[in-house]
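This report refers to the structure that appears directly beneath it.
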Amino acid sequence: MSAPRLLSPFVRTRTRLTCTLGLLLAALTAALLPWWQPGADSPSPGGDGPAVAKPAKPVSTGLRDESAAMAEALRRGKKVLVDTATTATSRTWALPDGQWRAEFHALPQRVKNAEGRWADIDTTLKRTGKADDGLSIRPVNAPVPVRFSDGSADGARKGGDRAERSYARLPLLTPADRAPAGETVLAESEFDGHTIAYTWPGPLPEPVLDGPRALYSEVLPGVDLLLVARDEGGFGQLLIVKTKEAAAQAAVKSLTYGLRSETAVFRHDKTTDGVLVVDRATGDEITSIPTPFGWDSAGMDPEAPEAQPRTTVATPEDVLNLSGLVGMEPGARQSPLATRLDGEGSGDARLSLDVSGSGLFSDEDVLFPVFLDPTISPGWKAWTTAYKPYPNTSFYNGTNFNSGTADARVGYEKDTGGTARAFWRMGYDTKLKGAGITSAEFKVINNYSWSCTKREYELLLTGAISSGTTWNKQPSWSTSQGKQSFAHGYNSCSDDYVKYNVKNAAQQAADKGWATLTLGMRSPDESKKDSYTWRKFTAKTAVMEVVYNRKPNQPTGGTTSPGGACVPGPGAGRTVAKAPLVLSATASDPDGNLKGLRFRFWKTGGTVPAGTLVTSLSSGKGSVTIPSTSLADKTTYSWDVRAEDSAGAVSTYFPLGTEPCRITVDASEPPAPDVTSDVFLEATPDGATWSTVKFGGTGSVTFKAADATKFSYAFNGLNAKEVTATSGSATVTNLKPPHAGPTYLHVYAFDAVGNRSGRTDYVFYVPPRDTADGPGDTGGDGRPDLLVINSAGNLRTYVGDVDGELYGSLAASYTTDGKLNPPGHWYDPATGKAALISKHSDVYPGDGVTDLFARTPDGGFWLYPGDGYGSFNVDKRLRVRLPSNAPDPATWDQIKAIGDVTGDKLPDLFIRAGASFWALTGYTGAGFQQATRMNADAWAAREIINVADIDLDGTPDLVWRNPVNGNMYVRHGKPGTVTGSVDLVSLTTAANSRDGDVAYGTNWTDANISAVVGVPDLNGDRIPDLWARFTSDGQIRVYHPSKTNTNPPVKNVLSSDWSAFKAFA
1 MSAPRLLSPF VRTRTRLTCT LGLLLAALTA ALLPWWQPGA DSPSPGGDGP
51 AVAKPAKPVS TGLRDESAAM AEALRRGKKV LVDTATTATS RTWALPDGQW
101 RAEFHALPQR VKNAEGRWAD IDTTLKRTGK ADDGLSIRPV NAPVPVRFSD
151 GSADGARKGG DRAERSYARL PLLTPADRAP AGETVLAESE FDGHTIAYTW
201 PGPLPEPVLD GPRALYSEVL PGVDLLLVAR DEGGFGQLLI VKTKEAAAQA
251 AVKSLTYGLR SETAVFRHDK TTDGVLVVDR ATGDEITSIP TPFGWDSAGM
301 DPEAPEAQPR TTVATPEDVL NLSGLVGMEP GARQSPLATR LDGEGSGDAR
351 LSLDVSGSGL FSDEDVLFPV FLDPTISPGW KAWTTAYKPY PNTSFYNGTN
401 FNSGTADARV GYEKDTGGTA RAFWRMGYDT KLKGAGITSA EFKVINNYSW
451 SCTKREYELL LTGAISSGTT WNKQPSWSTS QGKQSFAHGY NSCSDDYVKY
501 NVKNAAQQAA DKGWATLTLG MRSPDESKKD SYTWRKFTAK TAVMEVVYNR
551 KPNQPTGGTT SPGGACVPGP GAGRTVAKAP LVLSATASDP DGNLKGLRFR
601 FWKTGGTVPA GTLVTSLSSG KGSVTIPSTS LADKTTYSWD VRAEDSAGAV
651 STYFPLGTEP CRITVDASEP PAPDVTSDVF LEATPDGATW STVKFGGTGS
701 VTFKAADATK FSYAFNGLNA KEVTATSGSA TVTNLKPPHA GPTYLHVYAF
751 DAVGNRSGRT DYVFYVPPRD TADGPGDTGG DGRPDLLVIN SAGNLRTYVG
801 DVDGELYGSL AASYTTDGKL NPPGHWYDPA TGKAALISKH SDVYPGDGVT
851 DLFARTPDGG FWLYPGDGYG SFNVDKRLRV RLPSNAPDPA TWDQIKAIGD
901 VTGDKLPDLF IRAGASFWAL TGYTGAGFQQ ATRMNADAWA AREIINVADI
951 DLDGTPDLVW RNPVNGNMYV RHGKPGTVTG SVDLVSLTTA ANSRDGDVAY
1001 GTNWTDANIS AVVGVPDLNG DRIPDLWARF TSDGQIRVYH PSKTNTNPPV
1051 KNVLSSDWSA FKAFA
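For the sequence shown, the residue numbers in full-length UniProt numbering are 1 to 1065.
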């Protein structure tokens, strides 16, 4: 059934505070049974709600952890919540300065719902449908599983709405274990995995639900029972004896309740006359029942002192509006209730309350209704009040005291002569151990003062509170966190936070790795009995906000190269060569804000420097290089390293201990190695000595040097490898050169401490394999090579290596009688003219060897047949005949061999003569069959770069540049009549091409790049590549263009200045 309209939630006002839902809840914390999730003695910070709550299973894997949150905070410049660190009582944010901000509450602020997501606490009671055990009333989203009786004899649901399930159904007690015959389970809850049932000695009516409250009317004649689901978790209970006649009943004068549990036992606490609930197996305290209390309705409402007590009980609305529900306020007649526990030490006990012995019912001035509060306190030690009028009574978590869990109290109250002190046990985090606390603030809302006259209050770090904390058994009062004067919560001074700087307490907790810390508040003027010191505080608002930064971890893995792992002093440490010394170490930071590693390096015995901070890290690893020029022979040096974070925190220095790492320099070096091979014979000056195995084969090579422990070797200085030496010698048995032609093997020897010898350059020539040359290749290894006319006017072949690298070269022209570099072919010093040269592949006589076209300085046009070894016998050259309409070779400015692009299987050549552009096609071995003028007047300021398939569509394209404005273009050809050929007309003009002259690159001016050679693919992507000479330094770079852009240069492949070189092919 739904609640009647008259029980709709009340709205809080200052003048009718007792009519508010919030105060009624607070009043009911004087309730009998605040079943609240207990915590262990040292719970993790905030737990996940009350410390024993089983965390809900996550439903998403997209939650930000610390590292993700910190990365986002640093990137966005804003604080970012660490989703995975959120609990019922705490939250953590990553800050953009690399620090963290944590918020710790004493009481739960949120709870996970059925979907496993954090949601607001909602204690609204709902009927969840028929329950066989009769416990079908539950809160929507409470911190702890609780279930209330639905009041029906058979447990059937009588009406109302189904509540959302905020937690999974837990395995509670079986019906037989809950209540024996004649008793009814009033409520059931779980503490730290222990289910405890509270039973009423008789049947229960169906309750009226009003928000978090369930009112059971007339459980005995003239007696009502009220349960309330609490925001803090669990529930509270209060027995309301409405009349003097009802008080005369024997069942009221001596109340008896049942306590049942399968896994917990109940023990009488002789000190407080309460009950301890302990784990059957371990004996650990789970929760407790402090001394029960009773009070009448004569208490003054401190918020409305002139108002008359509300005592009408005619309707459920009247009962829920009783002023006595606020608890033992000043003026109320009150008394503790003596207890007796039957079933001591078992899980089946009966708690009896001696109400008649309290004298409440025999007092002629007692004002009914009277309220009886046999409270079961939660084990979660969140906060408590120590109250002097009842020096042996525990009020922790607000039980038994006035407005209950809602309000903590401090100061002196004259009506009862009571002095109070408040304690809050704040969750903390053991992960903060070792952290530096930047700031920490404790704040709580002061919601009531006797007046707006300020008084001073001191906040101190104290010992831990427990269920046994009373006025006579207070925790130790330790370090003061300061004093504040304030007054809030009265007519003209509204509720407000009171704030204390608790950095001292937070740092102590971090230094010692505490999981919780307890703060106590008291009035320094207690002895004055000044009522103006009386203050109340909304307990749930107590929060501690901490900004912290954890120190980086000490670096690990400190090494030197050469040298190896750190050897701490005293002593000389490791002996190393006089070579660039690399110090390395790896560090981490628990906060993820590692800034860098600070390396210190100094001469042992000298002044220790501030060091060098290295911020360029890879997975936390950093290094610093000490130049060899800074090292002295036979000298010992020390070094250490620490980690630093972006917030300024630093680690201890590596290595652990008082001694730094030590190294001693030995500058003596081994001799340059001797290199010998019976296969890769060392080249002779005449170029006539070649290896005995062809390209693709392998062979052995031996290195020797006195005192060498290892050798390094590399072809052309690239991709060095090492081999261990024995007695100063090592043999590599499977050496495989990367290309044909001249090959350079660079070899170094190293001694035991890492000193490196001078370099030995071992040069040998590798013969070509028995296969045809590839495009652009002159040595039979399939890699394009570069032909040049150097500054001396000689033709040389630079052998192409992997990815377009260039290094070794050989003289590329000779005579039949063996003379190298014969004059008159490549350069005429008298006229300053150089030959125009170009190669592509085999032209004549079909031997698979690449040949060379050349327009010689004297104006002749020749074909120089290749010998397959990267060179050309000038005595075998052939004059090339031209069609009658071809321009005079003396007028030519450029030639470009392009292979066969017309599909007739005969080589073709493009030439540029003045402003005209020509195609010579169909070379037969004697001459070209046809000369086609492609354009008559547009090519004076243009240069042919390549004619090849750029976009890989199977049709050759024309790549050209304007060296004046620096633009590079692709003129895409149209397919010819034969597959793989091009229609020459489509290359004549942009208009005739497939889609015009398409931009391919910029900044290709002569001022930037003085020579460009278009070559076949060098890097394996099938797209033709480029070698280019930079005007600024004369050095050669390689480009790997895409289908649509030349792209930037990939690397420098030759560091020599070739500015004076005269031609390239």
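Ideal Cβ positions, reconstructed from N, Cα and C, are used throughout, including at glycine. Everything numeric in this text was worked out from a predicted model, so none of it was measured.
Residue i versus residue j - alpha carbon distance
{"i": "residue 1086", "j": "Met70", "result": "Residue 1086 lies beyond the stretch modelled for the chain, which goes from 1 to 1065, so this question has no answer here."}
{"i": "Asp210", "j": "Ser478", "result": "44 Å"}
{"i": "Val998", "j": "Phe680", "result": "49 Å"}
{"i": "Leu1054", "j": "Val802", "result": "14 Å"}
{"i": "Arg971", "j": "Ile898", "result": "15 Å"}
{"i": "Ile789", "j": "Ala919", "result": "24 Å"}
{"i": "Val614", "j": "Gly596", "result": "5 Å"}
{"i": "Ala68", "j": "Val547", "result": "19 Å"}
{"i": "Ser527", "j": "Lys551", "result": "45 Å"}
{"i": "Thr586", "j": "Asp525", "result": "56 Å"}
{"i": "Ala752", "j": "Asp707", "result": "8 Å"}
Residue from the options whose Cα sits closest to the Cα of residue i
{"i": "Ala106", "options": "Gly741, Pro822, Phe537 and Val959", "result": "Phe537"}
{"i": "Ala740", "options": "Thr797, Lys433, Gly728 and Ala672", "result": "Thr797"}
{"i": "Lys634", "options": "Ser616, Thr664, Gly687 and Gly622", "result": "Thr664"}
{"i": "residue 1066", "options": "Ala940, Lys905, Ile898 and Leu906", "result": "Past the edges of the chain, shown from 1 to 1065, lies residue 1066, and the structure says nothing about it."}
{"i": "Gly258", "options": "Pro143, Ser352 and Leu519", "result": "Ser352"}
{"i": "Arg147", "options": "Glu190, Pro673 and Leu631", "result": "Glu190"}
{"i": "Trp450", "options": "Pro590, Ser494, Thr438 and Ala991", "result": "Ser494"}
{"i": "Gly398", "options": "Ala539, Ala509 and Ala572", "result": "Ala539"}
{"i": "Asp150", "options": "His194, Asn141, Ser297 and Arg127", "result": "Arg127"}
{"i": "Gly782", "options": "Val498, Ser727, Ser993 and Pro1016", "result": "Pro1016"}
Residue i classed as buried or exposed, judged by whether at least 16 other C-beta atoms fall within 10 angstroms
{"i": "Asn755", "result": "buried"}
{"i": "Gly606", "result": "exposed"}
{"i": "Arg117", "result": "exposed"}
{"i": "Ser232", "result": "Residue 232 is actually Glu in this sequence, not Ser. Under this definition Glu232 is a buried residue."}
{"i": "Ser584", "result": "buried"}
{"i": "Asp192", "result": "buried"}
{"i": "Asp591", "result": "buried"}
{"i": "Pro627", "result": "exposed"}
{"i": "Thr891", "result": "exposed"}
{"i": "residue 1066", "result": "Outside the shown range of the chain (1 to 1065) lies residue 1066, about which nothing can therefore be said."}
Endpoints, beta strand (DSSP E) assigned at residue i
{"i": "Pro742", "result": "Gly741 to Phe750"}
{"i": "Glu526", "result": "Counting along the chain, Glu526 falls outside any beta strand (DSSP E), and DSSP gives it neither H nor E."}
{"i": "Glu245", "result": "Note, Glu245: premise wrong, no beta strand (DSSP E); alpha helix (DSSP H) at Lys244 to Ala247."}
{"i": "Cys566", "result": "First-last for Cys566: undefined, no H or E at that position."}
{"i": "Pro1049", "result": "Pro1049 to Leu1054"}
{"i": "Met934", "result": "Phe928 to Asn935"}
{"i": "Gln308", "result": "Here Gln308 belongs to no beta strand (DSSP E), and DSSP marks it neither H nor E."}
Residue span of the alpha helix (DSSP H) that contains residue i, given as start and end
{"i": "Gln507", "result": "Lys503 to Lys512"}
{"i": "Asp318", "result": "Pro316 to Leu320"}
{"i": "Lys253", "result": "Ala250 to Lys253"}
{"i": "Ala854", "result": "Taken as a continuous stretch (DSSP letters only), Ala854 belongs to no alpha helix (DSSP H), being part of the beta strand (DSSP E) at Leu852 to Arg855."}
Helix, strand or coil at residue i according to DSSP, with G and I counted as helix
{"i": "Ala422", "result": "strand"}
{"i": "Met70", "result": "helix"}
{"i": "Leu733", "result": "Strictly speaking, residue 733 in this sequence is Thr, with Leu absent from that position. It is a strand residue."}
{"i": "Pro963", "result": "coil"}
{"i": "Val313", "result": "coil"}
{"i": "Pro336", "result": "strand"}
{"i": "Ser628", "result": "helix"}
{"i": "Pro292", "result": "coil"}
{"i": "Tyr396", "result": "helix"}
{"i": "Asp888", "result": "coil"}
CB contact below 9 Å: residue i versus chain B
{"i": "Ser584", "result": "The structure shown contains no chain B; it holds only a single protein chain."}
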